[in-house]
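In the working numbering, the protein residues as written are 26 to 456. All C-beta atoms, glycine included, are put in the ideal place defined by N, C-alpha and C.
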């Protein structure tokens, strides 16, 4: 017969072993993953990521969110209700729970992390909903296409994404619960078709990276597609990244890294550029100039004092190529009737690193016979001095590592015989 002390020892040993087993468990996924799509039916080319939202009739509904790496928080087309129960939400509508104006998130988002635009009306606490009667929390949002201001309601949201080991998608999913905001359908009239939200991928405490936790690392891997017919890929987590046909090659082996620079007035991502090199000739960049990475600007913008010498140098090294009448917003265009071979443009970064823009990312075909250098004059007072646009990012694998405050870049994957559209979204494993 066991004595009470012996029984206690056995129980404690069992509990200890059980805790060790739990602590030793390592999930099979290293990242979460979502497809990225290109859109050209709005005022400018834009990109969206597809996220699973509500669960209806035994399946998830999907919503396309505009990718914004500068936005302070997520917002989308939905309505808020105090009481959500089966049948309470209108058909084909996403309902979420509101944040009260009395909760700390309301004041925090309004005062510290909201869209700061002088023409936006300051939100107040006069908004209420039928039901419990508590005031809701209006916050300002800004249309990234038109710049117009609207009001949205801060909420408690519920999103789901697929898990992955960097090569396969797993049947298991990952849920996250951000304080996003519900905006009226009218706020998305300028958006591409079927895009009804903004996915904030910035460093803000209310952007997506703030709501994903261990074992996921705060690392955003972004690969923008160059075509409408195929999807790119968004990874979140310090995962290996595999793209076909070299599915045995981790794309991280292609990456170079440079420090991310923090700016107190922005949640976006900035890097240092020392000079721009075209066929061994350097165009120096002023020491106080900053370079921003943008998922909303379609082409790289250069302040005039940088733009002019870059155009002069590129014109000189392509002087044998017939020019064509410039097509706005571009200032240097070429006839492509005889073919078009142009040199690379290297953005020289600190510590000897360089981000190479090959012709796939520097020359935009605008008509059958005309192609233009895809750089835009930002004006004499443009700030930041350089904005890297999405055309220069297509088919480049980019990593925003918030753990180590670094930016990783591959240069063109096309030179590695792969592309951003090469991830195999059809290969599904269970765990």
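- Across the structure, residue 61 and residue 194 are spaced so that their CA atoms are roughly 15 Å apart.
- Residue 266 counts as buried, since at least 16 other C-beta atoms from the protein chains shown sit within 10 angstroms of its C-beta.
- Here the segment 435-454 does not lie against the segment 293-313, with fewer than 3 beta-carbon pairs under 8 Å apart.
- Residue 186 sits in a strand when the DSSP states are folded into three classes.
- Annotated three-state conformation of residue 330 is helix, per DSSP.
- Using a Cβ distance threshold of 8 Å, residue 397 and residue 448 do not count as a contacting pair.
- In the same chain as residue 160, and ignoring 5 residues on each side of it, the C-beta atoms closer than 8 Å to its own belong to 125, 126, 127, 150, 151, 152, 153, in chain order.
- Taken through DSSP and simplified to helix, strand or coil, residue 51 comes out as coil.
- One thing to note: residue 170 has its Cβ no nearer than 8 Å to the Cβ of residue 320.
- DSSP, read as helix, strand or coil, puts residue 165 in strand.
- In the three-state DSSP reduction, residue 340 falls in the helix class (H, G or I).
- Close CB contacts of residue 342 within its chain, under the 7 Å cut and outside five residues either way in sequence, are with 303, 304, 368 (chain order).
- Taking all protein chains shown into account, residue 116 has fewer than 16 neighbouring C-beta atoms within 10 Å of its C-beta and is therefore exposed.
- Residue burial is scored here from C-beta neighbours: residue 238 has fewer than 16 other C-beta atoms within 10 angstroms and is therefore classed as exposed.
- The bridge partners DSSP lists for residue 325 are 400.
- Under the rule that a run must span 3 or more residues, the beta strand (DSSP E) segments found entirely inside the segment 175-259 read 184-189, 194-201, 206-208, 220-225, 244-248.
- Taking residue 262 as the centre and dropping the five residues before and after it, the same chain places the C-beta of 55, 56, 57, 241, 242, 244 closer than 7 Å to its C-beta, in chain order.
- In the three-state reduction of the DSSP assignment, residue 376 falls in the helix class.
- Around the Cβ of residue 80, a 10 Å sphere holds fewer than 16 other Cβ atoms; the residue is exposed.
- By the criterion of at least three beta-carbon pairs nearer than 8 Å, the segment 199-218 is in contact with the segment 93-112.
- In the three-state DSSP reduction, residue 75 falls in the strand class (E or B).
- In the structure shown, the three-state DSSP call for residue 132 is helix.
- The Cβ atoms of residue 301 and residue 335 lie closer than 8 Å to each other.
- With 16 or more neighbouring CB atoms inside 10 Å of its own CB, residue 134 falls in the buried class.
- Selection 132, 252, 385, 414 evaluated against residue 94 yields 414 as nearest (Cα-Cα).
- Counting C-beta atoms within 10 angstroms of its own C-beta, residue 376 has fewer than 16 neighbours from the protein chains shown and is therefore classed as exposed.
- The beta carbon of residue 357 is closer than 7 Å to those of 336, 339, 340, 351, 397, 398 in its chain, skipping five residues each way along the sequence.
- Under a 10 Å Cβ-count criterion, residue 190 is classified as buried, with 16 or more other Cβ atoms of the shown protein chains found around its own Cβ.
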